[in-house]
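Chains as they are written, first to last, in the working numbering: chain A, 112 to 399; chain B, 3 to 359.
If you want it as structure tokens, here you go:
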């Protein structure tokens, strides 16, 4: 019995980790600046490629993953400075600009690196409970997802940067008037978002085939999580991921991955009819 | 009725504009007499996509709804045509298949649009929900390679694509070559004129009013949601028309016509052309398709990089669109010079820069 229960938890944890890791970066950028970064998938791809490259030259996997996330974050800061910065007052145009960037990056990678490179293989290690065996790495991913949530909570709720960031999120003009350097806060937030996307790519790099278009595998999950989460991402993203992971897990188990994804999409479409502002709007109302 | 051809919502009016229109149309009509059949076929191919661009122009430029889902409806209708044409047999029934395929796209747009518009989701979310639906459809069709995925005798075939449907036909004769070209030209003229009349009618004015300020339109007593849904269904139906025509043109469709990067293409055409005007979209999309096809022959990646670059350049340098901007500048220069009146030019450029949505 406990084996079945653990199996259920394991499946839930797997989907939950995927949703949180792929959505965290997008959610931070959206929550802070109201910008949806359409090149999100390309930052994920960046993290994955850097990881594989560094492992090839002999670095241990965990170090490579950390460096990959940092690289993606730095690239993010550059992209913010060159492109995204100009569009904070025109969110729809920022969508188009980052989409253009995403096209350029994926197609250039296809030209330069070619369609696929050899992966590095999932770290081995499994354990058995009752009749089932489980991969340890999947649980590591779940732990990382939880760590990302805790880390974001600490950064945004317990640090000086977090206070300034939340002030900027609520009312950028006022924050600026009170002396917060909103430009720098935006740049750092975009960097954090890109870094989290890179981390997602780094963590999933060992588990999948690396192709320049791999970002597309993650964007649907990240979009729907952010849509269900709603405007207040600090509050909404985690419950949204729990909710979607439940649906996905139930459907995956009985009908397979693709039906799981379709079911998740239908759930999202129903939710926006009932709760157009996402789960966070309910939570905010309850909190008052 | 004819009064609706010219109006506040569409650029170009009077005899100058319409004689240019007739000259271009006449040139398009005699073109097959001077070109070989390969080029005529290619031209028909460009024209296929124009409907999708005009649909997006209606939704985004006039309705203020940025849909990333044009290829979603393109795919539904494209696959719909394939399945119907295979199941209903060839001959004249293919025309019924085309019509039904477009209706399928409209029904899908009605359902998706109902949930999004009645839910009241805003600009950015509208885009990413439609894009999510598009990508999920592409993933779904991508994994239908097995023989169990079939509708009647029509195999979906996963990434290899569906094939084996008949092209459009009347009786026993296929509509192909220059006949197909003339059908396309006729359809474009009908759709273009139809949209012009729609936009300059009372309905079109309300659609634009909703884009400008939904609250104000609502206060004036219009049910904003109904007009938005109407716009979304018409725009998506035009994407569906493109899809069905595409499948019929090549007797072939794959999921790659739906997913990324295909989904970005209509956005690039319309943004580059100038989303706020039908004529600019028509001209610009055609030019871009022509350029894209020419470069694709050498390298598809290069063509797509160019499209991405154009999108980036458009939003950074000319958010209202290059074709529209240049067109307006030329017209203003010309008329301004004739009247010796530069104020109009200044006022118009100022308006161009200021109205950002």
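All C-beta atoms in this analysis are idealised placements derived from N, C-alpha and C, irrespective of residue type, glycine included.
Its Cα nearest to that of residue 192/B, the residue 240/B stands out among 206/B, 177/B, 240/B, 165/B. When the Cα atoms are used, residue 337/B and residue 272/B turn out to be separated by approximately 26 Å. For residue 207/A, the nearest beta carbon of chain B is closer than 7 Å to its own beta carbon. The Cβ of residue 122/B sits closer than 7 Å to at least one Cβ of chain A. Between residue 334/A and chain B, the shortest Cβ-Cβ separation is below 7 Å.
Taken through DSSP and simplified to helix, strand or coil, residue 240/A comes out as strand. Listed along chain B are 307, each with a C-beta nearer than 7 Å to that of residue 219/A. Taking the Cα of residue 223/B as reference, the smallest distance to any Cα among 231/B, 251/B, 212/B, 197/B is reached at 212/B. Residue 52/B places its beta carbon 7 Å or farther from that of residue 250/B. For the segment 336-353 of chain A, the beta-carbon criterion of a distance under 7 Å to any beta-carbon of chain B is satisfied by 338. Residue environment for residue 168/A: exposed (fewer than 16 other C-beta atoms within 10 angstroms of its C-beta).
Residue environment: residue 263/A is assigned as buried (16 or more neighbouring CB atoms within 10 Å of its CB, all protein chains considered). Chain-order list of chain A residues neighbouring residue 327/B: empty, with the shortest C-beta distance near 15 Å, by a criterion of under 7 Å.
Residue pairing by DSSP puts residue 255/B in a beta bridge opposite 164/B.
Taking C-beta atoms as the reference points, residue 175/A and residue 306/A fail to come closer than 7 Å. Listed by position along chain B, the residues whose Cβ is nearer than 9 Å to that of residue 202/A are 125, 126.
Between residue 73/B and residue 264/B, the CB-CB gap stays under 7 Å. Secondary structure at residue 297/A: helix, using DSSP grouped into helix, strand and coil. Under the three-state reduction of DSSP output, residue 397/A falls in the helix class. Chain B places a beta carbon closer than 7 Å to that of residue 327/A, counting this residue as a contact. Residue state for residue 132/A is assigned as helix, using DSSP reduced to three classes. The Cβ-Cβ distance between residue 197/B and residue 11/B does not fall below 7 Å. Secondary structure within the segment 63-127 of chain B: not one fully enclosed beta strand (DSSP E) run of 3 or more consecutive residues is present.
Annotated three-state conformation of residue 246/A is strand, per DSSP. Excluding residues up to 5 positions away in sequence, 259, 307 lie with their Cβ nearer than 6 Å to the Cβ of residue 135/A in the same chain. When Cβ pairs closer than 8 Å are counted between the two stretches, the segment 337-355 of chain A is seen to touch the segment 126-140 of chain A, the count reaching three or more. Of the candidates 278/B, 298/B, 84/B, 84/B places its Cα closest to the Cα of residue 152/B. Taking C-beta atoms as the reference points, residue 140/B and residue 261/B count as a pair closer than 7 Å. One alpha carbon belongs to residue 324/A, the other to residue 123/B, and they sit about 29 Å apart. Looking from the CA of residue 256/A, the closest CA among 225/A, 234/A, 314/A belongs to 314/A. Taking a cut-off of 8 Å for Cβ pairs, the segment 135-145 of chain A and the segment 376-384 of chain A do not touch, as fewer than three such pairs fall below it. In terms of CA proximity to residue 77/B, 111/B leads the group 27/B, 120/B, 173/B, 111/B. Within the segment 302-329 of chain A, the residues whose Cβ lies closer than 8 Å to any Cβ of chain B are, in chain order, 324, 327.
Residue pairing by DSSP leaves residue 151/A without any beta bridge partner. Residue contact with chain A for residue 321/B: present (Cβ-Cβ distance below 7 Å to some residue of chain A).
At a cut-off of 7 Å between beta carbons, residue 287/A makes no contact with chain B.
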